[in-house]
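Chains as they are written, first to last, in the working numbering: chain A, 1 to 395; chain B, 1 to 453. Take a look at the structure set out below.
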C-alpha cells in the first residue's frame, strides 16, 4: 500500500543509516575490581571515565545512536542509564515532552549544569551525569554483608535486562518508522504488494525496497560486556546465561566481550555463538584504546574489517558426576545430564529416571566374541605359517 | 465496515441452509457441489461477531478496546501450561508434504504449494534450532505415491535444499495418506526407542486415494508408537482426525486446520516444541553415548569426512578423529553422535520453562510505576470508583497493563512478558537479584549444571 507511493522510497533512502543501539554491561563486582586495581593500576573510576568517552564516541557517530548501560553487581543487576524512574530523561523515549518544558523534566535535568559544562553536547552530559550518579548510588548502597555473601556477579540478569531494553527500543523504533518487527510479516507484506502492483517498475522498486529493508532496516543493536570477574561462581547462572546467548543468536545481536581480568568460558562461548568480538586485554590500562579500536565499529562497518577474534573457544563439557572434562560422554535422554561413564544402577543421578543401558552394557560381550573368533582362527593360521590370506585349498 | 460484515455473514448462513437442503433432497444429483458446501458449512461456527464486543471508551473512540484486544491476543499465545513436563527432547520426525493438485489452490497466497514449501523450510530451520540433537526426514505425496524428498538426517541444510528443489515441480495428482504413512513408518522403523517417533503431515486435500485399508495402517502406527500430527489447509477431514486421535492416545489437538496464512504458520511452528512424554513410555529412556569434539584449526585446508569439502576449521570426532565440518552431526565413519555442550543447553528451556506471570489488579498496581525490565511507564492507577469501569474484556489480560512474576514480585509490561517467555526464557527480575529468589526446582538442577563450565 505505502510502497505505491514513490516518495516513501526516496525518504527511506535519504536517511541512509539506521541508528545503532549500544548496550554496555559493566561488571562492577567490587572483589574483582579491587584485585584488578592493585595488579594493573586500573581503578574503577578510570575505567568508567574511559567508558564514558567511548559512549560519547558512539553517540557522536550518528545523531540517532543510542546507548544504555547496565551494571552487573554482586547482589543485583541494575540500570545505570537510562533509569526507569527517570524515563522522561531519555530524550528519545517520550513523544510527549518534545517541547522541552522545564517543569516536565525530572530534577536531574532541572538543575543547571555547572559552568564548565555549559557548552557540552546535551546527550553527552545526560549520559555522563546519570551513569556517574547511579553508579555512586549503587556502590554506596552496597553493604559489607552483601560483599561477604557472594563474590560473583549477576551477568545473566544484566544480559536479560539489556535484551529487554533492546526489545523495547526495537519495537519503539519500528513503530516510529513504520517498519515491522516481525520479519515474517514483513515478507508477507512484500509478497502482497508485489502481487497487487501491476506496474512493472513499481513492482521492481517494491521488491528491491523489500530486499534492502530486510537486511538494513531496523535498529541495529549490540551488547558490550566489560567483564572483570572470573567464571567461578557464575556456574549457577549457566542456564540463564545460555538462554540469553541463544536469544541474542536468534535476534542477531552480537555480544562483544572485553575481558579486563580473569577468564570466563561462558563469555567466550557467548562471543563465539553471536559472532561478536572477544578480547582479553593484555594491558588493561589501555582500555580506551582497545574500546575505540576494536569495539566502536557497528555491525555494518564490521563486514569490511578484519576483527580480532579468538579461534580456540573452550567447548569442553564436564560430566555431572565427577566434574571431569570428557571427550566422549553419556547423556541421559530425559534430562540431558552428562556422565563420564555408564551408570552403575542405570539410574540417572539428576532426574532419577531408570535408563536403558543396552548398548553400553553389551560392550564387553562384543569384545569377548571377537576373542573367541580369534582363538578359533588362531590354530588354523598357525598351521599355514604364512600371514598371507590363502584360500582353502581345493584338492 | 460493520454493516457490510453483517451482510456477508448473513449471506453465508443462507447459502449454508440452501446447501444442506440440496444435499438432503437429492445428494446424488450434485454430489461434488453439496459436499463442498457441507465442508464450508463446517467452519460456520467459527464466524464470531467480533464487532459486537467493541465498546466505546469515555472519549468516544474504540482505541482502548482495540488496544486491549491486541494485548489480549499477544497474551493468549503465552498462557500455556508451564508445568515442567517430561518431554521427548530427542525426536525423530518425518515431515510429509502434500504435493497433489489440490495444493495449486490460491486461497493461501501465493499458492498453497509455495506457501507450504516456504513454511516447511522455516519449520526445518526452527526445528533444528529447538531440537539440536533430533533427526528429520521429508516425504511428499504426489500422484497417489509417496515420494522421498530427503532422508532422515540431522543436517538442516540438506532438507532445506531438497525442499527448495521442489519449487520447480508442480503439484500433481491425488495424495495417498496410506502410502505416505507406510513410507514414514518404514523410515522410523529402525530409530532407537529413547527418541520420539513423529509424523507431521501438511495436508491440503480433502481426500486420500489409498491402495488398501488405512485403518490397518493406523493400527500398526499405534503399535509402533508413532505419533501423527496433521495441519490441514482446506477443511476438517474425518480420517485425519481419527488418525491423530488414535496415534496420540485419544488426544486430537495435533490436528489443526489453518484459517489463514498466519494461523498456518503458527500450527506448523507449534510442532517445533518437543512433545510431552506419556507415562507408559518412560521405560524407553536410555543413556546415549555422545562425543564432545574440540575445534581444530589447521594452517592448510583438508577435506571433511561428511561432505568432502576442503576447509581449514572443523571438529574432529572424539572416537575416530575424522573431521566433520559442522555440528551437531553423526560421525560419518564411526556414527558417534557429535555435539557441543551448548546444543544440550539449548534444550534446557523446554525442560525448565519460565512460569507464567500473573495479572495485577488495580488494587496492587500502585506498587510499580514502570516496567522493571524496559522502564516503560505504566498507566497511572485511576481513582477507586473507576476500577470496575475498565472491566476485564478478555481473559488473561491485565487491567493495569502490569504482569507480575510470582517469584520475584516484579512487574513487567506486556512486551517484556512476551519477550521473556518466547525469546529469552529468563525472568529479568529473578536473574537480577541474588540467587535466593530462583525457583527451588531450578536451583537443585543448576547446582549440578555448573560442571559444564
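For every residue, glycine included, the Cβ atom is placed at its ideal position computed from N, Cα and C. Being a predicted model, the structure only gives us computed values, none of them experimental.
Thinking C-alpha only, which one of 334/A, 330/A, 116/A and 347/A is nearest residue 352/B?
Locating residue 352/B in the second chain gives position 352, where the first residue counts as 1. Closest in alpha carbon position to residue 352/B, among 334/A, 330/A, 116/A and 347/A, is 334/A.
Opposite residue 328/A in the DSSP bridges: which residues?
As a working mapping, residue 328/A is identified with position 328 in the first chain. Within the DSSP secondary-structure output, residue 328/A pairs in a beta bridge with 291/B.
Using a Cβ-Cβ cutoff of 9 Å, what residues of the stretch 232-266 of chain B are near chain A? List them in chain order.
Correct list: 261, 262 and 265.
Where residue 330/B falls, given that 16 or more other Cβ within 10 Å makes a residue buried:
Your numbering for residue 330/B matches position 330 in the second chain. For residue 330/B, the number of other beta carbons within 10 angstroms of its own is at least 16, and it is reported as buried.
Nearest by alpha-carbon distance to residue 365/B: which of 203/B, 410/B, 344/B and 152/B is it?
Position 365 of the second chain, counted from the start, is the residue given in the question as residue 365/B. The residue with the shortest Cα to Cα distance from residue 365/B is 410/B.
According to DSSP, simplified to helix, strand and coil, what is residue 350/A?
If you number the first chain from 1, residue 350/A lands on position 350. Correct three-state label for residue 350/A: coil.
For residue 196/A, does the three-state DSSP call read helix, strand or coil?
Here residue 196/A corresponds to residue number 196 of the first chain, with the count starting at 1. For residue 196/A, the predicted model reports a pLDDT of 34, less than 50, meaning its position is unreliable; a value from the coordinates is still stated below. Looking at residue 196/A - three-state DSSP - the assignment turns out to be helix.
Neighbour-count burial assignment, residue 121/A, 16 or more Cβ in a 10 Å radius:
Residue numbering aside, residue 121/A sits at position 121 when the first chain is read from its first letter. Per the 10 Å Cβ criterion, exposed.
First and last residue of the alpha helix (DSSP H) that includes residue 272/A?
Mapped onto the first chain, residue 272/A falls at position 272. Annotation for residue 272/A: the continuous alpha helix (DSSP H) segment containing it runs 265-273.
Burial state of residue 438/B (16 or more Cβ within 10 Å):
Within the second chain, residue 438/B is the residue found at index 438, counting from 1. Caution applies to residue 438/B, whose pLDDT of 40 falls short of 50 and renders its modelled position unreliable; the model cannot decide the point.
For the ligand HEM, is there a heavy atom less than 7 Å away from the beta-carbon of residue 148/B?
Annotation note on the ligand HEM: not contained in the displayed structure, which lists no ligands.
Anything in the stretch 188-202 of chain B with a Cβ closer than 8 Å to a Cβ of chain A? List those residues in chain order, please.
Within the stretch 188-202 of chain B, the residues whose Cβ lies closer than 8 Å to some Cβ of chain A are 193, 194 and 195, listed in chain order.
How big is the Cα-Cα spacing for residue 369/B and residue 359/B?
Position 369 of the second chain, counting from 1, holds the residue named residue 369/B. Position 359 of the second chain, counting from 1, holds the residue named residue 359/B. Roughly 15 Å between the two C-alpha positions.
Is it true that the stretch 239-256 of chain A meets the stretch 328-348 of chain B, where meeting means three or more beta-carbon pairs spaced less than 8 Å apart?
Touching, yes, given that three or more Cβ pairs across the two stretches are closer than 8 Å.
With DSSP run on the structure shown, which of helix, strand or coil describes residue 247/B?
Along the second chain, read from residue 1 onward, the residue named residue 247/B stands at position 247. Residue state, collapsed to three classes: helix.
With three or more C-beta pairs closer than 8 Å as the rule, is the stretch 252-259 of chain A touching the stretch 272-288 of chain A?
Taking a contact to require three or more Cβ pairs closer than 8 Å, the stretch 272-288 of chain A and the stretch 252-259 of chain A qualify as touching.
Report the neighbours of residue 295/B on chain A: residues whose CB is nearer than 8 Å to its CB, in chain order.
For the purposes of this step, residue 295/B is taken as residue 295 along the second chain, with counting starting at 1. Those are 311, 312, 313 and 315, listed as they occur along chain A.
Let me know the secondary structure DSSP gives residue 268/B once reduced to three states.
Looking up residue 268/B in the second chain gives position 268. In this structure, DSSP gives residue 268/B a helical state, which the three-state scheme calls helix.
Would residue 164/A pass as an interface residue toward chain B - the criterion being a Cβ-Cβ separation below 8 Å?
Against the first chain, residue 164/A aligns to sequence position 164. Residue 164/A counts as touching chain B.
Report the neighbours of residue 243/A on chain B: residues whose CB is nearer than 7 Å to its CB, in chain order.
Taking the first residue of the first chain as 1, we reach residue 243/A at position 243. Residues of chain B whose Cβ lies closer than 7 Å to the Cβ of residue 243/A are, in chain order, 349, 424, 425 and 426.
To the nearest angstrom, how far is the alpha carbon of residue 328/B from that of residue 398/B?
Within the second chain, residue 328/B is the residue found at index 328, counting from 1. Within the second chain, residue 398/B is the residue found at index 398, counting from 1. Rounded to whole angstroms, the separation of the alpha carbons of residue 398/B and residue 328/B is 42 Å.
Measuring only the C-alpha atoms, how far is residue 246/B from residue 156/A?
Along the second chain, one-based indexing puts residue 246/B at 246. Along the first chain, one-based indexing puts residue 156/A at 156. Answer to the nearest angstrom: the Cα atoms are 44 Å apart.
Fully enclosed by the stretch 106-164 of chain A, which alpha helix (DSSP H) runs are 4 residues long or longer?
Segments of the alpha helix (DSSP H) lying fully in the stretch 106-164 of chain A: 107-110, 122-140 and 144-149.
Name the chain B residues that come within less than 9 Å of residue 115/A, Cβ to Cβ?
Within the first chain, residue 115/A is the residue found at index 115, counting from 1. Ordered by position in chain B, no residue passes the 9 Å Cβ test against residue 115/A, which lies about 31 Å from the chain.
From residue 307/A to residue 189/B, what does the alpha carbon distance come to, in whole angstroms?
By 1-based counting over the first chain, the position of residue 307/A is 307. By 1-based counting over the second chain, the position of residue 189/B is 189. Those two C-alpha atoms are separated by around 48 Å.
Nearest-angstrom beta carbon gap, residue 144/B and residue 173/B [assumed within contact, 8 Å]
Sequence index remark: in the second chain, residue 173/B carries index 173 (1-based). Sequence index remark: in the second chain, residue 144/B carries index 144 (1-based). With 8 Å as the limit, residue 173/B and residue 144/B qualify as a contact, their Cβ atoms being about 6 Å apart.
Looking at the structure shown, is residue 241/A part of a helix, part of a strand, or coil, going by DSSP?
Position 241 of the first chain, counting from 1, holds the residue named residue 241/A. DSSP places residue 241/A in the helix class (H, G or I) of the three-state scheme.
Quick check: what's the CA-CA separation for residue 71/A versus residue 374/B?
One-based indexing of the first chain puts residue 71/A at position 71. One-based indexing of the second chain puts residue 374/B at position 374. Approximately 14 Å, taken between the alpha carbons.
Shorter than 8 Å from the beta carbon of residue 298/B to some beta carbon of chain A?
Counting from 1 along the second chain, the entry for residue 298/B is found at position 298. False, the Cβ-Cβ gap to chain A never drops below 8 Å.
CA-CA distance, residue 68/A and residue 24/A?
Position 68 of the first chain, counted from the first residue, corresponds to residue 68/A. Position 24 of the first chain, counted from the first residue, corresponds to residue 24/A. Residue 24/A has its alpha-carbon roughly 6 Å from the corresponding atom of residue 68/A.
In the DSSP assignment, the beta strand (DSSP E) including residue 196/B goes from what residue to what residue?
In the second chain, the residue the question calls residue 196/B occupies position 196. Start and end: 196-203.
Can you list the residues of chain A that residue 419/B reaches, using a CB-CB cut of under 7 Å?
Translated into positions along the second chain, residue 419/B becomes position 419. In chain order: 164 and 167.
Using the Cα positions of residue 325/B and residue 137/B, report the straight-line distance between them to the nearest angstrom.
By 1-based counting over the second chain, the position of residue 325/B is 325. By 1-based counting over the second chain, the position of residue 137/B is 137. Here the alpha carbons of residue 137/B and residue 325/B stand approximately 21 Å from one another.
Collapsed DSSP secondary structure at residue 385/B in the structure displayed
The residue given as residue 385/B occupies position 385 in the second chain. Three-state result, residue 385/B: helix.
When DSSP builds the beta bridges, which residues end up paired with residue 137/B?
By 1-based counting over the second chain, the position of residue 137/B is 137. Residue 137/B is bridged by DSSP to 94/B.
Do we get a CB-CB distance below 8 Å when we pair residue 128/B with the residues of chain A?
Here the question's residue 128/B lines up with position 128 in the second chain. Residue-level contact by beta carbon fails for residue 128/B and chain A, as no gap is shorter than 8 Å.
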